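S.K.: Numbering (our numbering), first residue to last: 4 to 152.
All residues carry an ideal CB built from backbone N, CA and C; glycine is no exception.
Note that this is a predicted model, so its numbers are computed, not measured.
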Ligand SMILES: [Zn+2]
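Here it is, written out as C-alpha cells:
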C-alpha cells in the first residue's frame with residue numbers, strides 16, 4: 004500500500020485552487036520525491052485551464068501541462084508524485100471518464116467541491132489491468148521549518 008505524505012500547506016493550496024476554478028474542474032501537480040513505498044510532496048503546482056469549451060469535462064491532464072510540470076520538477080531535482088483534479092458537485096471518487104483516461108502507476112488526488120467549497124479529497128491509483136482504482140493513504144504533515152537537516 005502506498006502512502007502519500009503532503010503538507011497542510013499543499014492541501015490548502017489545492018483546495019483553494021479547486022474553489023477558485025469552480026464550477027470548472029481544476030488540475031494541478033504535486034512535486035516531490037519517492038522513497039520506498041512512500042512519496043513526499045513538497046510543492047503544489049497549479050496547471051492553468053486553457054480550454055475554453057467544455058471545461059467541466061476537460062481531459063484529465065493536458066499533455067502540454069504535464070510536460071511543463073515535469074520540466075519544472077526536473078529543474079528542482081523533484082518528481083511529479085501526484086496529479087490533482089477537482090470534481091465540481093461530485094464525490095471525491097474516480098469517474099468512469101477518469102478510469103478510461105488515467106495512467107496506471109500514477110497517483111490521482113481528487114477533490115470534491117460542493118457549492119464552491121472544497122469538502123473532501125482522496126488519493127487513487129489505477130490498477131494495472133485498468134479495471135478499478137485503489138485508494139491510497141494520505142498523511143498530512145505540518146509545513147516543515149526551513150532549518151531541518
Ligand atoms: Zn475526475
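Are the CB atoms of residue 97 and residue 115 nearer to each other than 7 angstroms?
M.R.: On the chain shown, position 94 is the one that residue 97 refers to. On the chain shown, position 112 is the one that residue 115 refers to. No, the Cβ-Cβ distance between residue 97 and residue 115 is not below 7 angstroms.
S.K.: For residue 98, is the beta carbon positioned less than 6 angstroms from some heavy atom of ligand 1?
M.R.: Taking the chain shown and counting its residues from 1, one reaches residue 98 at position 95. At least one heavy atom of ligand 1 is nearer than 6 angstroms to the Cβ of residue 98, so yes.
S.K.: Of the residues 13, 19, 146, which one's Cα is nearest the Cα of residue 122?
M.R.: Against the chain shown, residue 122 aligns to sequence position 119. The shortest Cα separation from residue 122 among 13, 19, 146 belongs to 19.
S.K.: Could you tell me which of 75, 25, 127 sits nearest to residue 89, measuring between CA atoms?
M.R.: On the chain shown, residue 89 is found 86 positions in, with the first residue counted as 1. Among 75, 25, 127, the Cα nearest to that of residue 89 is on 25.
S.K.: Consider the C-beta atom of residue 95 and the heavy atoms of ligand 1; say whether any pair is separated by less than 6 angstroms.
M.R.: In the chain shown, counting from the first residue as 1, residue 95 sits at position 92. Checking every heavy atom of ligand 1 against the Cβ of residue 95, none is found closer than 6 angstroms.
S.K.: Would residue 111 pass as a contact of residue 86 if the rule is Cβ separation under 7 angstroms?
M.R.: The count along the chain shown starts at 1 and reaches residue 111 at position 108. The count along the chain shown starts at 1 and reaches residue 86 at position 83. Contact: yes.
S.K.: For residue 141, which residues from the same chain have a beta carbon less than 6 angstroms from its beta carbon, with the 5 sequence-adjacent residues on both sides left out?
M.R.: Taking the first residue of the chain shown as 1, we reach residue 141 at position 138. Correct list, in chain order: 7, 126.
S.K.: Can you give me the Cβ contacts of residue 117 inside the same chain, cut-off strictly under 8 angstroms, excluding the 5 residues immediately before and after it?
M.R.: Against the chain shown, residue 117 aligns to sequence position 114. Closer than 8 angstroms at the Cβ level, and outside the excluded window around residue 117, lie 92.
S.K.: Residue 140 by DSSP, collapsed to three states: which one?
M.R.: As a working note, residue 140 is residue 137 in the chain shown. Strand, per DSSP.
S.K.: Could you work out which residue in 21, 28, 11, 76 is closest to residue 120 when comparing CA atoms only?
M.R.: Position 117 of the chain shown, counted from the first residue, corresponds to residue 120. The shortest Cα separation from residue 120 among 21, 28, 11, 76 belongs to 21.
S.K.: Does the beta-carbon of residue 28 have 16 or more other beta-carbons within 10 angstroms, so that it is buried, or is it exposed?
M.R.: In the chain shown, residue 28 corresponds to position 25, counting from 1. Answer is buried; the Cβ neighbour count reaches 16.
S.K.: According to the neighbour-count rule (16 or more other Cβ atoms, all chains shown, within 10 Å of its Cβ), is residue 144 buried or exposed?
M.R.: Taking the first residue of the chain shown as position 1, residue 144 is located at position 141. Classification of residue 144: exposed, given that the 10 Å Cβ count is below 16.
S.K.: Identify which residue in 23, 69, 13 has its Cα closest to the Cα of residue 44.
M.R.: Position 41 of the chain shown, counted from the start, is the residue given in the question as residue 44. The candidate whose alpha carbon is nearest that of residue 44 is 13.
S.K.: If you reduce the DSSP assignment to three classes, tell me which class residue 64 lands in.
M.R.: Against the chain shown, residue 64 aligns to sequence position 61. Three-state result, residue 64: coil.
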